[in-house]
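Same order as they appear, the protein sequences are chains G and Y. In terms of the numbering used here, the first sequence opens at residue 1 and continues consecutively. In terms of the numbering used here, the second sequence opens at residue 1001 and continues consecutively.
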Amino acid sequence: RKEVEQDPGPFNVPEGATVAFNCTYSNSASQSFFWYRQDCRKEPKLLMSVYSSGNEDGRFTAQLNRASQYISLLIRDSKLSDSATYLCVVNAASGTYKYIFGTGTRLKVLA
Amino acid sequence: ETGVTQSPTHLIKTRGQQVTLRCSSQSGHNTVSWYQQALGQGPQFIFQYYREEENGRGNFPPRFSGLQFPNYSSELNVNALELDDSALYLCASSLNVHRGPYEQYFGPGTRLTVT
Chain G
1 RKEVEQDPGP FNVPEGATVA FNCTYSNSAS QSFFWYRQDC RKEPKLLMSV YSSGNEDGRF
61 TAQLNRASQY ISLLIRDSKL SDSATYLCVV NAASGTYKYI FGTGTRLKVL A
Chain Y
1001 ETGVTQSPTH LIKTRGQQVT LRCSSQSGHN TVSWYQQALG QGPQFIFQYY REEENGRGNF
1061 PPRFSGLQFP NYSSELNVNA LELDDSALYL CASSLNVHRG PYEQYFGPGT RLTVT
């Protein structure tokens, strides 16, 4: 089983739609969780950290489910500019320096 | 912009050659992590430097080596280049990696092509 798994997509959604991505992780001791966004041929950019209580930033909501070992990202009212690859990031084990990236989920928002 | 810079932007090398990639971290950040991202994959952790010492390493052979300087800038060196080393090399800077979850900020990357 991969340490971090994501559905590669692509998810093709119309503008204004709500879309959700999940990411599963294998190490129950992981403590740090993030979502990054990566545009084609660009560097990853931090979208949001994921906290135990869940967190929201505008149209974006991130949640953590420790029991089932997954994190989720919900995007409401999708914009064309949301088209990108969304990378899930988890630390390898509690307190360690090593972050594991998923392969990413590709989102295409259609006009 | 993150304030993290990398050079060069693009590089073409021949198999067997050696390459040095450079990264300047965001002001005030004392940690640099290096990643390799092959096409269609997520970034793979190579190693991390914290206050000029290697602070952990991923599953990369010893021909991948690095340095961090007193100003926290960093170099990634790859010897005996192989075709599979063709990838985007990313550095990420961060602060206080030993104080719990830390956020990383990426530079624009160096795209290396090995022929």
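Even glycine gets a Cβ: it sits at the ideal position worked out from N, Cα and C. None of these values were measured; they are calculated from a predicted model.
Rounded to the nearest angstrom, the Cβ distance from Thr1110(Y) to Leu1039(Y) is 15 Å, too far for a contact under 8 Å. Those residues of the region 1077-1092 of chain Y placed with their C-beta closer than 9 Å to a C-beta in chain G are Leu1088, Leu1090 and Ala1092, ordered along the chain.
Within the region 1032-1045 of chain Y, contact with chain G at the beta-carbon level (separation under 8 Å) is assigned to Ser1033, Tyr1035, Gly1040, Gln1041, Gly1042, Pro1043, Gln1044 and Phe1045.
By the CB criterion at 8 Å, Gln1048(Y) and Gly1056(Y) fall inside the cutoff. Using a 10 angstroms sphere on the CB of Cys1091(Y), the tally of other CB atoms reaches 16 or more, which defines it as buried. Using a Cβ-Cβ cut-off of 8 Å, Gln1048(Y) counts as an interface residue toward chain G, since at least one Cβ of chain G sits closer than that to its own. A distance below 8 Å separates the beta carbons of Tyr1072(Y) and Val1032(Y). For the region 88-110 of chain G, the beta-carbon criterion of a distance under 9 Å to any beta-carbon of chain Y is satisfied by Cys88, Val89, Asn91, Ala92, Gly95, Thr96, Tyr97, Lys98, Tyr99, Ile100, Phe101, Gly102, Thr103 and Gly104. Judged by DSSP secondary structure, Phe1064(Y) falls within the beta strand (DSSP E) whose first and last residues are Phe1064 to Gln1068. In the DSSP assignment, Ser72(G) falls within the unbroken beta strand (DSSP E) covering Tyr70 to Ile75. Residues of the region 1059-1078 of chain Y with a Cβ closer than 9 Å to any Cβ of chain G: none. In terms of beta-carbon proximity, Pro44(G) lines the interface with chain Y, with at least one pair separated by less than 8 Å.
Of all residues in the region 49-65 of chain G, those with a C-beta nearer than 7 Å to a C-beta of chain Y are Ser49, reading in chain order. Assignment of Ser81(G) by DSSP, reduced to helix, strand and coil, places it in the helix class. Residues of chain G whose Cβ lies closer than 8 Å to the Cβ of Glu1103(Y) are, in chain order, Phe34, Leu46 and Ser49. Straight through space, the alpha carbons of Leu74(G) and Gly58(G) are spaced by roughly 11 Å. Looking at the DSSP output, Ala20(G) shares a beta bridge with Leu74(G).
Using a Cβ-Cβ cut-off of 8 Å, Gly1056(Y) counts as an interface residue toward chain G, since at least one Cβ of chain G sits closer than that to its own.
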